[in-house]
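Under numbering that gives the first Met the number 0, think of the first position of the sequence shown as 0, with each following residue one higher. Virtual Cβ for every residue (Gly too), placed ideally from N, Cα, C. These figures come from a predicted structure and were not determined experimentally. Take a look at the structure below.
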Amino acid sequence: MIFISKLFTALLLPPGCFFILTALLIIFIPRKYKIFPGLIAFIIYILSIQPAADMLLKPLENAYPALPARIDNDWPQAIVVLGGGTIQMSPEAAIGQDTLSSEAMKRAVYAFTLRDTFPVPFIFSGGKVFEYDQMPEAVTAGNLFRSLGMPEQRFIAEDKSRNTWENAAQTAMLGIERAVLVTSAYHMKRSVYCYEKNGISVIPAPTDYKLQRGRKYDFLSFLPSMGALQNTYCALHEYMGILFYIIAYH
């Protein structure tokens, strides 16, 4: 019964339903017009299955290992946490307050677990990409860290940056030359590039992994799913970002 439920969910909800509708369209149109919708159906299918998403994500997530257990705790000048978005005026927050998105929350919480390992300031880097009357992300993160018990003097809100390159540039303007860098594993390759180009040596501390390590593929792995499509999007977005940064900031 669980298998049937999963099967129907995969086929009736997006993106599976788009694949099914396109496949049905191919059946009922003349042969000479089948190539284009067939290509669309193939692309939708490939982009939304787990093996394809994993193949794209794996080189990004494996670019750097997890934070080593034994490193010189006195080496970094700061723990730098990169933003990952906010939810504007989320109801569980105080009136008029925002909360961190799930991705940014994972980065922040993982960084907080390092508070006793590295007796250095925390720099949360993230401002407002567009002006939608929201709080700068670093300010939102500051509210979270204070609620978890972090002393005010250990937190620095870098609230001017709007992308990863500006994260690094603004951090460099704070006089930081050595840092533990916390961000999602798939985003680490681009982040390290930006920080090193801005003269900051970093120890990567990746978190928020997307790959399901150790799980073998089965029939359901080859059914379209929104989760796989989201992972594919994350990976392709990173590859495009890396290419753009190499061209724009070489």
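- Look at the alpha carbon of ALA227 and the alpha carbon of PRO14, and state the distance between them as a whole number of angstroms. Those two C-alpha atoms are separated by around 10 Å.
- I think PRO75 touches ALA178, with their Cβ atoms under 8 Å apart; what is that distance to the nearest whole Å? So it is a contact: roughly 5 Å between Cβ atoms.
- Item | Simplified DSSP assignment, three categories, for PRO58 | In this structure, PRO58 counts as helix in the three-state DSSP scheme.
- Message: My assumption, with CB atoms under 8 Å, is that TYR109 sits in contact with VAL201. Please give the rounded CB distance.
- Response: No, TYR109 and VAL201 are not in contact; Cβ-Cβ is about 15 Å, not under 8 Å.
- Message: Do SER124 and VAL191 have their beta-carbon atoms positioned less than 8 Å apart in this structure?
- Response: Contact flag unset, no.
- Message: Does MET134 pass the burial test, meaning 16 or more other C-beta atoms within 10 Å, or should it be called exposed?
- Response: buried
- Query: Of all the beta strand (DSSP E) runs that stay within the bounds of the segment 136-161, which reach a length of 3 or more residues?
  - Reply: 154-157
- Bridge-paired residues (DSSP) for VAL181: Answer is VAL80 and ALA204.
- Item | Range of the contiguous alpha helix (DSSP H) that encloses PHE123 | Looking at the DSSP string, PHE123 is not in any alpha helix (DSSP H); the run it does join, the beta strand (DSSP E), is 121-124.
- Query: Which of helix, strand or coil does DSSP assign to LEU99?
  - Reply: strand
- So who's on the other strand from THR85, going by DSSP bridges? LEU99
- Count the C-beta pairs between the segment 84-102 and the segment 128-142 that are closer than 8 Å, then say yes if the count reaches three, no if not. With a cut-off of 8 Å, the segment 128-142 and the segment 84-102 count as touching, because enough Cβ pairs lie within range.
- Message: For a test of the three-state rule: what should DSSP assign to MET134, helix, strand or coil?
- Response: coil
- Task: Indicate the three-state DSSP secondary structure (helix, strand or coil) for TRP74 in the structure shown.
- Result: coil
- Query: Is it true that the CB of ALA167 sits closer than 8 Å to the CB of TYR185?
  - Reply: No. Outside cutoff.
- Please confirm if the segment 158-177 is in contact with the segment 109-119, defined as three or more CB-CB distances below 8 Å between the two stretches. no
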